[in-house]
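There are 2 protein chains.
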Amino acid sequence: MIRQIVSQDNQYIKLTASLRQKKYREETGLFVVEGTRFVQEALESSWILEYAVVSEAHEGNERIRGLATNLEKRGCQVLSVPPALYKKISDTEAPQGILAVMQQSRETLEAVAVTANKALWVILDSLQDPGNVGTIIRTADAAGAAGVLLAGECADLYAGKTTRATMGSLFHLPVIKASAPQCLEFCRRLGLSLYVAGAEAKHAYTDVNLTIPCAVVLGNEGAGVGDDFRSQARLHLKIPISGRAESLNVASAAAVILFEAVRQRGLAL
Amino acid sequence: MIRQIVSQDNQYIKLTASLRQKKYREETGLFVVEGTRFVQEALESSWILEYAVVSEAHEGNERIRGLATNLEKRGCQVLSVPPALYKKISDTEAPQGILAVMQQSRETLEAVAVTANKALWVILDSLQDPGNVGTIIRTADAAGAAGVLLAGECADLYAGKTTRATMGSLFHLPVIKASAPQCLEFCRRLGLSLYVAGAEAKHAYTDVNLTIPCAVVLGNEGAGVGDDFRSQARLHLKIPISGRAESLNVASAAAVILFEAVRQRGLAL
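Taken in order, these protein sequences are the chains called A and B.
If you're matching positions, the first sequence starts at 135 in this note's numbering and goes up one per residue.
If you're matching positions, the second sequence starts at 135 in this note's numbering and goes up one per residue.
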């Protein structure tokens, strides 16, 4: 049964609102996904749902009703709140009226190393922009990459801006935070060649063999890839720039390199 | 000489603040560029500078002093304001303390058609996100494209989010607003083949000849490319998706297709 809540002092309401802040996401290990499409993706995933919140203003919506039914079938409590209260906990400008609170992934590098078989990995070194991090996770999924490692001080994976930019791909492939040494050890263990992307690199990305098991490292928007990775690279690769732009946006660069890997691998579907 | 302003009722201050709104940008034909790098790009361009504003808090900064000198050499008045006042007119979270007010481009499709010689164009059909529009302009520049046409209801080119995402590429190649029929007429006149990108297309982008004079059309984030362009396409091309993602972000898709064109054309620099 859907439970009605009207007080902003309710513990669920306070908890949900607090998850907009990284501090509380880290303390609780929880995060919020919002909107019909994203909640649907969450339902289809094996991730653990804690509870969901629906705005009374959207309860008549058929898609939301269907989602609420399926959430309850999965043992996830659905709370109903007045529109004004929903707006207080929502992180979006035009709320669709449904959100779910979920547990963050506990996937570890060790566990993934055992089962990882596909041989295209992406490592992000201290990317600051949540939109870039999320977009690259989406691109990595679309390119059939095995997973994404977040090294250094990347934008928080569980911030709304990041998860929204993944368009649900967050649930499709392992995305794991790790230190640079852990990433390097992971690559050694899986036999992945380390390709570091950078504007001053010697090799055009189209001249590099991207069909072998490899990890492509993309760096911070300003500073590029750090020395930890640079010193261990098998090759440094660049995207030649034809016009007067200094460089590509890092998410665009990731798309170009990952889909060159797909092309070299024969667009295998 | 730098002129000091302390009142928020000053006409320059009020004008600058008003330019955060599209309505006033359209009324005046002006827009704001902000930050040392972007003002430097503006100075190197042939665009018309109206005036610049410097925060007193950054007047000691050598780079800002150098920019102010060069702005004045170009006949552009430099105004100095207290930090609190600067913050009021700034559109960025961590202001670098310098902005310039400029005239929007008056470049027309007709004029460009006469001089256009390079044969890779990008047409954006009703892209909503300013970050996507700006990022694609940057990518088009980096790929050596001849220009970008903004068709339909695209995000405003002169909004801060758009111009920032171009990273200065706005000044490097023609970016022109036009209706769909105008874009189609332009393509006919220049002999450009129209390649429309879409998820349901038949041809993989790698199987399409991107070395001929062509215009790549990318569509709205949700609805894709409109019928005006779809009905006139020489070919519909898609980026095959390997993983479970439904699609790529449109700016990522643009990067993949434009750099495939660069690759096919032999990475000509």
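Every residue gets a Cβ at the ideal spot worked out from N, C-alpha and C, and that includes glycine.
Asked	Found
Measuring CA to CA, which of B/Ala-333, B/Glu-184, B/Val-173 is closest to B/Gly-200?	B/Val-173
So, does the CB of A/Ala-277 fall closer than 7 angstroms to a CB anywhere in chain B?	yes
Return helix, strand or coil for A/Leu-403, following the three-state DSSP convention.	Confidence in A/Leu-403 is poor, its pLDDT being 40 and thus under 50, which makes the residue's placement too unreliable to answer from.
To test your reading of the DSSP string, which unbroken beta strand (DSSP E) runs of 3 or more residues are found completely within the segment 363-388 of chain B?	369-372
Applying a beta-carbon distance threshold of less than 7 angstroms, which residues of chain B neighbour A/Phe-393?	Ile-373, Val-390
Ordered along the chain, which non-local residues of its own chain (more than five positions away) have a Cβ less than 8 angstroms from that of A/His-192?	Ile-198, Gln-230, Gly-231, Ile-232
The beta strand (DSSP E) with B/Leu-183 in it runs from where to where?	183-189
For B/Tyr-339, report the span of its beta strand (DSSP E) as first-last.	Counting along the chain, B/Tyr-339 falls outside any beta strand (DSSP E), and DSSP gives it neither H nor E.
Measuring straight from C-alpha to C-alpha, what distance separates B/Lys-157 and B/Leu-164?	11 angstroms
Tell me whether B/Ala-202 sits in a helix, a strand or coil according to DSSP, three-state version.	helix
Would you list, in chain order, the members of the segment 258-285 of chain A that have their beta-carbon closer than 8 angstroms to a beta-carbon of chain B?	Gly-265, Thr-269, Arg-272, Thr-273, Ala-274, Asp-275, Ala-276, Ala-277, Gly-278, Ala-279
When the cut-off is 7 angstroms and only beta carbons count, does A/Gly-377 lie next to chain B?	yes
Indicate the three-state DSSP secondary structure (helix, strand or coil) for A/Leu-254 in the structure shown.	strand
Under 7 angstroms, Cβ to Cβ, is there at least one residue of chain A near B/Asn-383?	yes
Please report the distance separating the alpha-carbon of B/Val-246 from that of B/Arg-323.	11 angstroms
Restricting to runs no shorter than 4 residues, where is the alpha helix (DSSP H) found entirely within the segment 247-297 of chain A?	264-276
What's the call for B/Leu-403, buried or exposed, on a 16-neighbour Cβ count within 10 Å?	Annotation note: pLDDT 39 at B/Leu-403 (below 50); position unreliable, no value reported.
Decide if B/Ser-260 is buried, meaning its Cβ has at least 16 other Cβ atoms within 10 Å, or exposed.	buried
Considering only the beta carbon of each residue, do B/Val-282 and B/Ala-293 sit closer than 7 angstroms?	no
Taking the alpha carbon of A/Gly-400 as the reference point, which residue from B/Ala-379, B/Gly-400, B/Ile-373 has its own alpha carbon closest?	B/Ile-373
Taking only the alpha-carbon atoms, compute the straight-line gap between B/Asn-343 and B/Gln-398 and give it to the nearest angstrom.	8 angstroms
Taking all protein chains shown into account, do 16 or more other C-beta atoms lie within 10 angstroms of the C-beta of B/Val-248, making it buried, or fewer, making it exposed?	exposed
Along the segment 306-322 of chain B, where does the CB come closer than 8 angstroms to a CB of chain E? Name the residues.	Absent here is chain E; the protein component of the structure consists of chains A and B.
Measure the C-alpha to C-alpha separation of A/Ile-327 and A/Ile-257 and round it to an integer number of angstroms.	Position check: residue 327 of chain A holds Ser in this sequence, whereas Ile was assumed. Near 12 angstroms, if we compare the C-alpha coordinates of A/Ile-257 and A/Ser-327.
Give the residues of chain B in contact with A/Ser-386, contact being defined as C-beta atoms less than 7 angstroms apart.	Thr-269, Thr-273, Ala-385, Ser-386, Ala-389
Could you have a look at B/Leu-149 and say whether DSSP puts it in helix, strand or coil?	helix
Taking the straight line between their C-alpha atoms, what separation do you get for B/Ser-303 and B/Leu-183?	17 angstroms
Using a Cβ-Cβ cut-off of 7 angstroms (strictly less than) and excluding sequence neighbours within five positions of A/Glu-227, which residues of its own chain qualify?	none
Any C-beta of chain B sitting closer than 7 angstroms to the C-beta of A/Thr-340?	yes
Rounded to a whole number of angstroms, what is the C-alpha to C-alpha distance between A/Glu-206 and B/Lys-295?	41 angstroms
Roughly how many angstroms lie between the CA atoms of A/Ile-270 and A/Leu-177, to the nearest whole one?	23 angstroms
Buried or exposed: A/Ser-189, going by 16 or more other Cβ atoms within 10 Å of its Cβ?	buried
Taking the alpha carbon of A/Ile-346 as the reference point, which residue from A/Thr-242, A/Leu-369, A/Ala-186 has its own alpha carbon closest?	A/Leu-369
What are the residues that DSSP puts in a beta bridge with B/Lys-311?	B/Leu-284
Alpha carbons only, please: which of A/Gln-237, A/Lys-221, A/Gln-142, A/Glu-196 is nearest the one belonging to A/Tyr-185?	A/Gln-237
Flag A/Arg-137 as yes if its beta-carbon sits less than 7 angstroms from any beta-carbon of chain B, otherwise no.	no
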